[in-house]
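Heads up: the structure comes next, in structure tokens.
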Amino acid sequence: MEGRLTHHHTIINNTSTSCIYSISASPIPISKRPWVSVKRPSFTLRSRFGVRMEDPCSVSPRKKNLTTSNHLRHVESMAHLPSGAGRITRLNALILGEALASEEDDLVYPSEDFSRQSHLSSPQKYLEMYRRSVQDPAGFWSEIASEFYWREKWGQQVYFENFDIRKGKIKIEWFKGGMTNICYNCLDRNIESGNGDKIAIYWEGNEPGHDSSLTYNQLLARVSQLANYLKDVGVRKGDAVVIYLPMLMELPIAMLACARIGAIHSVVFAGFSAESLAQRIMDCRPKVVITCNAVRRGSKIIYLKDIVDSALLESAENGIVIDVCLAWENDSAMKKEMTKWIKGRDIWWQDVIPKYPVTCDVEWVDAEDPLFLLYTSGSTGKPKGVLHTTGGYMVYTASTFKYAFDYKPTDIYWCTADCGWITGHSYVTYGPLLNGATVVVFEGAPSYPDVGRCWDIVDKYKVSIFYTAPTLIRSLMREGDEHVSRYSRKSLRVLGSVGEPINPSAWRWFFNVVGDARCPISDTWWQTETGGFMITPLPGAWPQKPGSATFPFFGVQPVIVDEKGVEIEGECSGYLCVKSSWPGAFRTLYGDHERYETTYFSAFPGYYFSGDGCSRDKDGYYWLTGRVDDVINVSGHRIGTAEVESALVSHPQCAEAAVVGVEHEVKGQGIYAFVTLVEGVPYSDDLRKSLVMVVRNQIGAFAAPDKIHWAPGLPKTRSGKIMRRILRKIASRQLDELGDTSTLADPSVVDQLIALADC
-11 MEGRLTHHHT IINNTSTSCI YSISASPIPI SKRPWVSVKR PSFTLRSRFG
39 VRMEDPCSVS PRKKNLTTSN HLRHVESMAH LPSGAGRITR LNALILGEAL
89 ASEEDDLVYP SEDFSRQSHL SSPQKYLEMY RRSVQDPAGF WSEIASEFYW
139 REKWGQQVYF ENFDIRKGKI KIEWFKGGMT NICYNCLDRN IESGNGDKIA
189 IYWEGNEPGH DSSLTYNQLL ARVSQLANYL KDVGVRKGDA VVIYLPMLME
239 LPIAMLACAR IGAIHSVVFA GFSAESLAQR IMDCRPKVVI TCNAVRRGSK
289 IIYLKDIVDS ALLESAENGI VIDVCLAWEN DSAMKKEMTK WIKGRDIWWQ
339 DVIPKYPVTC DVEWVDAEDP LFLLYTSGST GKPKGVLHTT GGYMVYTAST
389 FKYAFDYKPT DIYWCTADCG WITGHSYVTY GPLLNGATVV VFEGAPSYPD
439 VGRCWDIVDK YKVSIFYTAP TLIRSLMREG DEHVSRYSRK SLRVLGSVGE
489 PINPSAWRWF FNVVGDARCP ISDTWWQTET GGFMITPLPG AWPQKPGSAT
539 FPFFGVQPVI VDEKGVEIEG ECSGYLCVKS SWPGAFRTLY GDHERYETTY
589 FSAFPGYYFS GDGCSRDKDG YYWLTGRVDD VINVSGHRIG TAEVESALVS
639 HPQCAEAAVV GVEHEVKGQG IYAFVTLVEG VPYSDDLRKS LVMVVRNQIG
689 AFAAPDKIHW APGLPKTRSG KIMRRILRKI ASRQLDELGD TSTLADPSVV
739 DQLIALADC
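As numbered in this note's numbering, the sequence shown has no gaps in its residue numbers, which increase by one up to the final residue, 747.
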């Protein structure tokens, strides 16, 4: 390995730019630990100003360099305890494949062989590209964009941005005037380069043995047939199409078909209730709704067509009438004759789509024309329709996929996310296919028919890149190592984590047990709004700290600010913002630009505010601490819920934890923890006290939970997102205000939690 980074600021054209580093390194041997022999480099670091710095592994932490004394502190010890990291007083080097990540202060290096073959083999190579991306964004992104097909090239101005609400309307544009089509770049371009017979999608059904595949040629034919049908029923450029499908191959087919003809797709996760679906239909007013009659998930059947019928009835009662509902017969879950039907509106996919031509002309669109709407919902209020446009999103998702996963043409890639979420848009459909990848699409439940299903699929398709959520990692971790070790998994090369900060104990289990200490983990931070990865490891370049998202992707300038919006330098904790735009940024909230500006750009003028808390350690590594609205104020101490959760799950008998705040008559807010134990561990007062002590020891007495609530399971959506809104209501005993629980993977969990409230 060639070096480790220490963070400092550099002034470029009178603009403070975070995360510019300089490194030199000369490897020397280290003393051997009794349990393993490891090579560890020693480093000499030089700043751009010529200041020599010692190896951060061997010196005490540098004093904070703060531009304000009023910085946000999630916990008082944050200077020495980055969120979830454990006490990093020294950093032990590990080489992937040679040792287990078993100590809480391990620094994990990629192997020399992995780095040598990766797209970015060292911190220096990353820094060369990163510097250019922030100093010359127009040139940097134009060069990457030119790798794709453009019917007409963009104008002289590559991008335009205004992030400062004080200077007028917030506006972001990339490659405006350039004419392209993302479906063409996903399919036709790959076929023309000779990859028509390469597998584009392996589909794995709910039941083992129920599978299928499509080559790029076959996928283009299927997409074209649906695109021709949509045009035939009146869908034109700029029209919306709502897609309410499970993870059948027809879901990415429908997305690509819309993109091919310039229509705007809005995928709604096929776990949302009829009311939630109706809200989205009424907001975007689609020409067509696409669904299927039913789906099996595990042993359960979900009647999707009934949900759509109820949603269309509700939208019609509010004046929005949909004339066409195209339904796929998913005969493994439900037969045609059992499906409720409305003649004249409802159309069976299998009856009409195969009759259409297998070629379809491309609708060329401007880079700034809308590509899709994706609604995000909070606990209250109208869903937000996040609008992404075509050109910048295309360039950004393709680039982030390539570099963050070190993608190679021989890789088999599997992301467990549903296309109803942004991860399924960017890293199941568009990012992989733009790179000509082979993608595994999985319809079923990851623990059906048993908890080894994921690794069975990995071995079956020889998956080399596996990308999933910490929630799934923790749930599989809870079941025991034997369910992993009985499968080979030798094909795995890179692992990935998405959706929330991954606690270090889960990171280590993922690395040690699933990846056999061979595979780097791309622990990605990003959002629906960002379109693609913002802070992420680049697996061949970085030494990793379990639980840290490491450093920003190209062109991304993260800053940490205090409550007054003042940037904090060096080792610190605060609010995570981004200054300057990136191509994948969303452009507005559909039909509500004022809400877009208020939500994301008003809190800290001049910045995009992510809504997340973040710490940066002495080495410049970023640690996400969760949503700012998931910060509990206990007697004046601001405590991130993610920090308490991470401490709890470090207990060997705790499989998972979710923490919420409740009103407290003395402290203002108290800490209420829902704890799921490792399988077979009984509830006891001694264990409850032990869990509280773990938090006291790792964070401090002020962060000790006031209540430990035993939880056989947590209320999660089928994508693995914990519904904290429900947990807050249970903790506050507001049981008549639980709201819609229809999107939960297992609604019965709520009743179990209520029953255990006083145990």
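For each residue, glycine too, the CB sits at the ideal point set by N, CA and C.
- For C171, the enclosing alpha helix (DSSP H) starts and ends at I170 to C174.
- Annotated three-state conformation of M167 is strand, per DSSP.
- In the three-state DSSP reduction, R604 falls in the strand class (E or B).
- Counting the other CB atoms within 10 Å of its CB gives K343 a total below 16, which places it among the exposed residues.
- When secondary structure is reduced to three states using DSSP, W409 falls in the coil class, being assigned neither helix nor strand.
- Between the alpha carbons of S678 and E161 lies a distance of about 53 Å.
- Listed in chain order, the beta strand (DSSP E) runs fully inside the stretch 573 to 601 amount to none, counting runs of at least 3 residues.
- Annotation: H471 is outside any beta strand (DSSP E); the continuous alpha helix (DSSP H) that includes it extends over E470 to S473.
- A distance below 8 Å between beta-carbons, with the five flanking residues on each side excluded, links C602 to the following residues of its chain, in chain order: P546, I548, S561, G562, Y563, L564, Y610, W611, L612 and T613.
- Taking a C-beta distance under 9 Å as the contact criterion, Q105 and G528 qualify as a contact pair.
- Put simply, the stretch 145 to 155 does not touch the stretch 172 to 189. Fewer than three CB pairs are less than 8 Å apart.
- The way I'd put it, the stretch 464 to 480 doesn't touch the stretch 413 to 429; fewer than three beta-carbon pairs between them come closer than 8 Å.
- In this chain, the beta strand (DSSP E) harbouring L95 covers D94 to Y97.
- By the neighbour-count criterion, in which a residue is buried when 16 or more other Cβ atoms sit within 10 angstroms of its Cβ, Q213 is buried.
- Between I241 and V277, the C-beta gap is not smaller than 9 Å, which leaves the two residues out of contact.
- The beta carbons of A661 and L702 sit no closer together than 9 Å.
- Put simply, the backbone Cα of G519 is about 37 Å away from that of K328.
- In this structure the stretch 429 to 445 does not lie against the stretch 393 to 400, because fewer than three pairs of beta carbons, one per stretch, are closer than 8 Å.
- Look at the beta carbons and you see the stretch 496 to 511 not touching the stretch 583 to 590: under three pairs across the two are nearer than 8 Å.
- Annotation: E302 is outside any beta strand (DSSP E); the continuous alpha helix (DSSP H) that includes it extends over L292 to E305.
- At a Cβ-Cβ threshold of 9 Å, A321 and W336 do not count as neighbours.
- DSSP places P420 inside the alpha helix (DSSP H), whose first and last residues are G419 to L422.
- In this structure the stretch 252 to 265 does not lie against the stretch 436 to 448, because fewer than three pairs of beta carbons, one per stretch, are closer than 8 Å.
- Of the candidates D319, R575, A386 and T385, the residue whose Cα lies closest to the Cα of Y596 is R575.
- Going by DSSP, R615 is part of the beta strand (DSSP E) stretching over Y610 to R615.
- A Cβ-Cβ separation of about 5 Å places A282 in contact with Y291 under the 8 Å criterion.
- In the DSSP assignment, T456 falls within the unbroken beta strand (DSSP E) covering I453 to T456.
- Residue state for K141 is assigned as coil, using DSSP reduced to three classes.
- Shown here, F662 sits in a strand according to DSSP, grouped into three states.
- For C565, the enclosing beta strand (DSSP E) covers residues C560 to V566.
- Between Q657 and V650, the beta carbon gap of about 7 Å places them in contact (Cβ cut-off 8 Å).
- The three-state reading of DSSP puts E651 in strand, counting E and B together.
- At the C-beta level, L362 and C174 stay beyond 9 Å of one another.
- In the DSSP annotation of this structure, I179 is not part of any beta strand (DSSP E), being labelled neither H nor E.
- Cβ contact annotation for C246 (same chain, cutoff 6 Å, sequence separation greater than five): V229 and H253, in chain order.
- From the listed residues L460, R248, A405 and Y391, the smallest Cα separation to D357 is found for R248.
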